[in-house]
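The sequence shown begins at 61 in my numbering and counts up by one.
Think of the CB as a built atom: it goes at the ideal place given N, C-alpha and C, for glycine as much as any other residue.
Written out below as structure tokens is the structure these notes cover.
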Amino acid sequence: MTDALVLGGGLAGSASAIMLARSGRSVALVERESGPHHKICGEFLSIEARDHLEALGIDPAALGGTPIDMVELASGTQLVRARLPFTAIGLSRYRLDEVLLERADQAGVDVCRGVRVASMDGHRVSTSGGDREAGAILLATGKHRIRGDRTEADGGTDPFVGFKMHFRLAPSTCRALAGTIRLVLFDGGYAGLQPVEDDTANLCLVIRKDRLGELGGSWDAVLAMLDTLPHCGDLLRDAEPLMDRPATIANLAYGIAPRPAMADGIFPLGDRACMTASLTGDGMALALRSGFVAAACIAQGGSVRDYHERHAREVHGQVRRAMALQHFQESRILRLAGLGLLGAFPGLLRQLAQATRLRRWA
Ligand SMILES: Cc1cc2nc3c(=O)[nH]c(=O)nc-3n(C[C@H](O)[C@H](O)[C@H](O)COP(=O)(O)OP(=O)(O)OC[C@H]3O[C@@H](n4cnc5c(N)ncnc54)[C@H](O)[C@@H]3O)c2cc1C
């Protein structure tokens, strides 16, 4: 029995565990993976995400992350380029999540790796390592639901599928992409390509399930489609895949999850509370913020209701703006008109990047 039990050792889980341990609480964290692993993510660490990591004593640049200060937005034959209003970092989740778990361990958290949560019933949690109980349960299993967790997906009727693959790019492409994230919008989805650590590039994309079906449903078919896109195919030519197969996830439930009717003391964090549109590259900041907010509420003796209210004030504005942008880009006419406008006034792209940020952590 600990003061707090964190389910899931991703960004939200590790951040909340570290902050709670720092406030003197006894904390255990269970993570089903026993070692480093790839996660579906564009791996673009925004300035807000960097602020949170800094507060946790982590400098992503010192971990080998690549500074990114340019954004390119492409659709059809159009391409718009602008300087970002901040310097982001490209760093793989394979590396980042491990360092967070190490920090949690150093902060005194009882980190249990290779332990899967099977179900929960109020404050009683059943895991592959036995049953556990705690005063506060922090539900941080990302996109994965746990039997009995009472959270609901809000993915609509035609949810998205995500893919991610690391590549070693051709030297000329590496030079062209240095310090840049390129976002390519296409019918039914979008892809992002950017450098991460060790001269590696991450390709991450989101595609509607029906569009994926039209393409034939396979990763090879997705790559073949990307190859036909004017500002994408050239980047991936002669690229060497560095993972055996892409990481994939289905049923991406974008939006703000309805508040679950839960017993007090159960805090849904990160993607279990809301999933912002991936296009804005701020999901990691939101996940970290939820961990900070939950830890602060628990440390101050606040209730889950207090947590939901503060969490909503902090993050829901960003989610709404990001979702509006995602819906906008889904219409081909609006997308092309938008790109035309951004092409005429490139400063607008920088403003758009600024407008879809989470408020910075003070
Ligand atoms: C396609 C795509 C691209 C994205 N790109 C970006 C980007 O570029 N920048 C950005 O900031 N955000 C991005 N995001 C968002 C970001 O990846 C997520 O919002 C963030 O990872 C959420 O963190 P989390 O801690 O809630 O969940 P996660 O990081 O997914 O962590 C959940 C943890 O729980 C563990 N777990 C799951 N089930 C169990 C179980 N039963 N028992 C024990 N452990 C369990 C998992 O192994 C995992 O470690 C993207 C998202 C998508 C889908």
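Same chain, Cβ closer than 8 Å to residue 234, five either side skipped, listed in chain order: 255, 259, 261
Selected residue, minimal CA-CA separation from residue 161, among 352, 303, 95: 95
For residue 350, the first and last residue of its enclosing alpha helix (DSSP H): 343-359
Sub-9 Å separation of residue 421 and residue 352 beta-carbons: Here residue 421 is near residue 352, since their CB atoms are less than 9 Å apart.
Close Cβ partners of residue 402 (< 6 Å) along its chain, the five nearest in sequence each way excluded: 140, 408, 409
Cβ neighbours of residue 106 in the same chain (closer than 6 Å, five flanking residues each side left out): Answer for residue 106: 148, 341, 342, 345, listed in chain order.
Helix, strand or coil at residue 338 according to DSSP, with G and I counted as helix: helix
The region 192-201 touching the region 61-69, judged by at least three CB pairs closer than 8 Å: Counting Cβ pairs under 8 Å, three or more are found: they touch.
Three CB pairs or more closer than 8 Å across the region 127-138 and the region 237-246: yes
Sequence-distant residues of the same chain with beta carbon closer than 7 Å to residue 68, five excluded per side: 91, 200, 201, 202
Candidates 137, 66, 391: closest to residue 290 by CA position: 137
Among 103, 270, 264, 166, the one whose alpha carbon lies nearest that of residue 155: 103
Distance CB(residue 350)-CB(residue 330) smaller than 9 Å: yes
C-alpha distance - residue 214 paired with residue 83, whole-angstrom precision: In this prediction, residue 214 scores a pLDDT of 47, lower than 50, which makes its location untrustworthy; no coordinate-derived value is stated.
Limits of the unbroken alpha helix (DSSP H) element including residue 269: Run containing residue 269: 269-275, per the alpha helix (DSSP H) assignment.
Helix, strand or coil at residue 285 according to DSSP, with G and I counted as helix: helix
Identified DSSP bridge partners for residue 191: 186
Endpoints, the beta strand (DSSP E) within which residue 226 is located: Looking at the DSSP string, the run of the beta strand (DSSP E) that includes residue 226 is 220-228.
Cut-off 6 Å between Cβ atoms - residues of its own chain near residue 359, not counting five sequence neighbours on either side: 83
Three-state class that DSSP yields for residue 76 in the structure shown: The DSSP-derived three-state label of residue 76 is helix.
Simplified DSSP assignment, three categories, for residue 405: Looking at residue 405 - three-state DSSP - the assignment turns out to be coil, as it is neither helix nor strand.
Distance, residue 164 Cα to residue 122 Cα: 18 Å
Beta-carbon proximity of residue 284 to residue 295, cut-off 9 Å: no
Close-in-space but distant-in-sequence residues of the same chain around residue 301 (CB under 8 Å, 5 per side omitted): 225, 226, 227
Beta-carbon contacts of residue 354 that lie in its chain and below 7 Å, excluding the five residues immediately before and after: Close CB contacts of residue 354 within its chain, under the 7 Å cut and outside five residues either way in sequence, are with 76, 198, 327, 329, 367 (chain order).
Nearest to residue 267 (by Cα), restricted to the options 308, 220, 126, 305: 220
Close beta carbons around residue 152, own chain, < 8 Å, minus the five adjacent residues each side: 98, 103, 226, 256, 257, 260, 262
Bridge partners - residue 28, DSSP secondary structure assignment: What the structure shows of the chain is the stretch from 61 to 422, and residue 28 is not part of that stretch, so it cannot be assessed.
For residue 271 and residue 251, the rounded distance between their alpha carbons: Going by the C-alpha atoms only, they are around 14 Å apart.
Neighbourhood of residue 245 by C-beta distance below 6 Å, restricted to the same chain and skipping five residues each side: 135, 389, 395
Environment of residue 157 [buried if 16+ CB atoms lie within 10 Å]: Classification for residue 157: buried.
Backbone CA spacing between residue 393 and residue 247 [nearest angstrom]: 11 Å
Bridge partners - residue 87, DSSP secondary structure assignment: 64
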